[in-house]
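Peer 1: I have a structure here, written as structure tokens, and I will follow up with some questions on it.
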Ligand code: GDP
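Residue numbers (the working numbering): 924 to 1614.
Put into structure tokens, the structure is as follows:
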């Protein structure tokens, strides 16, 4: 009994999970009727609870897809809104409130929408039924209702009353059946009255003789017949309505009392159907019968759907399996592979080069501060001549002045905090490379997982940073006072520093070029520079001496001019020092006071080489062994509680692949369930079901 309906409802729920409910339609009972015909009261008495939106201004704006589940295990009746994630709502006034809110969320301008509200009710006292409550037909649109409302409601109902749905056409006994909008609508789509059940409400409001004549109507003959009901409790038994599940009991008692009071009209002889219990039974039988007669067709459409899905799986994915776990594992393997390739391409020599580059800059800073300085900031102060740089070619190796200059510059380098610089340079480079690897990996499409991996790198690197930098400082201690440069180191420095100086020169020239552009050309800049030079020498500026006249330059232009003069002087100095560094005089270590650039370069190389020994072992190798494990652990943490599925579905290609597999699996499951139904003899009872 009711086996097929139950299973079919389960199947429909499964299909809804993969968005397949549109391709495979299962029959439902569609409830239509004019406003105030008693439609809500009928539905509520079938369910046994008051739960539908009420109120004189209440217009139903969305269909309610109501699934009743006979659940012998349920201790109390409860409702669920699967689309809202609202489960086990035992308070039916809350269900009513939720339905009212969902209904009111439809903007008035839309009138009605075909987007259904899905509600499932579980109870041991209800039959398995699938019902759809539609907006009530309105006769004359009231003034405050949009004119289209009437038409739109009618269109919406037309959409639902198509076959294979069963129509429950509600009409009140106290109105003329010829005027029943519900019966008129049903007649349009079901002219032979094969799938319409007529419900006549408010039987208590008409004379019993009139009641019987309505129920045995011959004007609108329906094969499934009419049922007369009284869906309103007499006022004195109003208490029933508040007691869970007792609504039906009260209704039934009241109906019995009324109909048995008029035996000649409603007794067994009269051959008319009355009472909500009778109606419920009829609904169960008709739905079961319709489901069963649709079984074959439904099976075929699921089979077709499955064939199509299987075909898609073959042509699109070559039947390749896919799961969120497998996708993560493959992404991680690929990333680890790339990481491994990186570890063999990034080691001591690369670290050495990076650190030396950083220290080259510090060497230039020392040189600028100790040897190349020509203050040009203040135009009013003339530069004392001769300056450091002019003296340098004659630097007397015995002069304590030049000793001090070189010592200060050298200790400036050795006490710079090379440990910290080295650790930072290494961490920045490794982090940058990991981020680049991530950008090229499939994690690029997964921002949150990408962040987890990138942060894992930062954590591991930061972990070793202090210890490494301290260790390096300790290892460099011996060079702090005496760098102890050897002749071969000097030779290397001589070769290297020219490139560094050349690089600095190029930068000066590039900066000069951009200054030229910013003031509107070389000529203009030259004019300002001439002015600045004259001011610096303390020359008197004669009015008219300059094209713009005395003081004709703006403050901003003068600032640029000063900058240009600085750059020009710096370039002159560097040019001089390139020539000097290349000269024969700089060939030997003895002339170190004359060639501070080479000396400082050699010191920087020595420092970086020693630092890198430590850096390589303490930081890089440690990182290489710990990082992959850290990534796995952190990703694992990130993927718990649904994270894995979310992660995989972030990639649209993977999502489509997973969806297709999911759909295929579900359709296969549905098909086995349907085949079970066939085996159990379903689908055979498609005989006649008259009243
Ligand atoms: P709907 O607009 O079609 O949903 O109609 P309702 O179910 O809200 O009913 C409209 C009015 O008719 C309400 O006041 C109900 O109490 C009343 N009503 C419904 N069914 C019956 C019935 O069988 N007998 C009587 N006397 N009143 C009823």
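Virtual Cβ for every residue (Gly too), placed ideally from N, Cα, C.
Provide the residue(s) that pair with residue 1055 in DSSP beta bridges, ordered along the chain.
Peer 2: 953, 988
Peer 1: Please report the straight-line C-alpha distance between residue 1587 and residue 1236, rounded to a whole angstrom.
Peer 2: Rounded to the nearest angstrom, the gap between the Cα atoms of residue 1587 and residue 1236 is 8 Å.
Peer 1: Going by C-alpha to C-alpha distance, which of 1292, 1110, 1591 sits closest to residue 1224?
Peer 2: 1591
Peer 1: Do residue 1134 and residue 1096 have their beta-carbon atoms positioned less than 8 Å apart in this structure?
Peer 2: yes
Peer 1: Is the beta carbon of residue 1154 within less than 7 Å of some heavy atom of the ligand GDP?
Peer 2: yes
Peer 1: Just checking my contact of residue 1217 with residue 949 at CB under 8 Å: how many whole Å lie between their CB atoms?
Peer 2: Residue 1217 to residue 949, Cβ: 7 Å. Contact.
Peer 1: For the ligand GDP, is there a heavy atom less than 7 Å away from the beta-carbon of residue 1134?
Peer 2: no
Peer 1: Quick one: give me the first and last residue of the beta strand (DSSP E) that residue 1091 is part of.
Peer 2: DSSP places residue 1091 inside the beta strand (DSSP E), whose first and last residues are 1089-1095.
Peer 1: Within the continuous beta strand (DSSP E) that includes residue 1003, where are the two ends?
Peer 2: First-last of the beta strand (DSSP E) with residue 1003: 1001-1004.
Peer 1: With C-beta atoms as the reference, is residue 1452 less than 8 Å away from residue 1488?
Peer 2: yes
Peer 1: Let me make sure I understand the geometry here. Which of 1104, 1352, 1083 has the alpha-carbon closest to that of residue 1268?
Peer 2: 1352
Peer 1: Tell whether a beta-carbon distance below 8 Å holds between residue 1080 and residue 1057.
Peer 2: yes
Peer 1: Tell me the start and end of each unbroken alpha helix (DSSP H) in the segment 1165-1239 that is at least 4 residues and wholly inside, in chain order.
Peer 2: 1169-1183, 1186-1189
Peer 1: Jot down the residue ranges of each uninterrupted alpha helix (DSSP H) in the segment 1433-1518, minimum 4 residues, whole runs only, in chain order.
Peer 2: 1445-1460, 1478-1505
Peer 1: Please list the terminal residues of the continuous alpha helix (DSSP H) segment that includes residue 1074.
Peer 2: 1071-1083
Peer 1: Using only the alpha-carbon positions, how far apart do residue 1337 and residue 1425 sit?
Peer 2: The alpha-carbon atoms of residue 1337 and residue 1425 are separated by roughly 24 Å.
Peer 1: Within 8 Å, do at least three Cβ pairs link the segment 961-981 to the segment 1017-1024?
Peer 2: yes
Peer 1: Write down the C-beta distance between residue 965 and residue 1093 rounded to the nearest angstrom, noting that I regard them as a contact closer than 8 Å.
Peer 2: 6 Å
Peer 1: Got a sec, what are the start and stop residues for the beta strand (DSSP E) residue 1042 sits in?
Peer 2: 1040-1046
Peer 1: Is residue 1122 helix, strand or coil by DSSP?
Peer 2: If DSSP states are grouped into helix, strand and coil, residue 1122 belongs with the strands.
Peer 1: Do residue 1141 and residue 1116 have their CB atoms nearer than 8 Å?
Peer 2: If you check the CB distance, residue 1141 and residue 1116 do not come in under 8 Å.
Peer 1: Between the segment 1501-1508 and the segment 1342-1351, are three or more C-beta pairs nearer than 8 Å?
Peer 2: no
Peer 1: Which same chain residues, not among the five before or five after residue 934, have their C-beta less than 7 Å away from its C-beta?
Peer 2: 1593, 1596, 1597
Peer 1: Please list the terminal residues of the continuous alpha helix (DSSP H) segment that includes residue 1355.
Peer 2: 1341-1363
Peer 1: If you draw a straight line from the alpha carbon of residue 1545 to that of residue 1531, how long is it in whole angstroms?
Peer 2: 19 Å
Peer 1: Could you tell me whether the Cβ atoms of residue 1329 and residue 1516 are closer together than 8 Å?
Peer 2: yes
Peer 1: Once you ignore the five residues that flank residue 1130 on each side, which residues in its own chain have a CB closer than 6 Å to its CB?
Peer 2: none
Peer 1: Let me check understanding here. Comparing Cα to Cα, which of 1450, 930, 1555, 1529 lies closest to residue 1252?
Peer 2: 1555
Peer 1: Any idea if residue 999 is buried or exposed, counting beta-carbon neighbours within 10 angstroms, 16 or more meaning buried?
Peer 2: Residue 999 comes out exposed.
Peer 1: May I have the straight-line CA-CA distance separating residue 968 from residue 1207, to the nearest angstrom?
Peer 2: 15 Å
Peer 1: If you reduce the DSSP assignment to three classes, tell me which class residue 1619 lands in.
Peer 2: This structure gives no information on residue 1619, because the portion of the chain shown stretches from 924 to 1614.
Peer 1: Is residue 1077 a contact residue of the ligand GDP, with contact defined as CB to any heavy atom under 7 Å?
Peer 2: no
Peer 1: Within 7 Å: the Cβ of residue 1127 and any heavy atom of the ligand GDP?
Peer 2: yes
Peer 1: Taking only runs of the alpha helix (DSSP H) that begin and end inside the segment 1380-1444, which ones reach a length of at least 4 residues, in chain order?
Peer 2: Complete alpha helix (DSSP H) runs here, min 4: 1410-1442.
Peer 1: On the DSSP letters alone, give me the boundaries of the alpha helix (DSSP H) that residue 1151 sits inside.
Peer 2: Premise fails: residue 1151 lies in the beta strand (DSSP E), 1149-1151, not in any alpha helix (DSSP H).
Peer 1: Taking contact to mean 3 or more Cβ pairs, one atom from each stretch, closer than 8 Å, check whether the segment 1238-1253 and the segment 1380-1399 are in contact.
Peer 2: no
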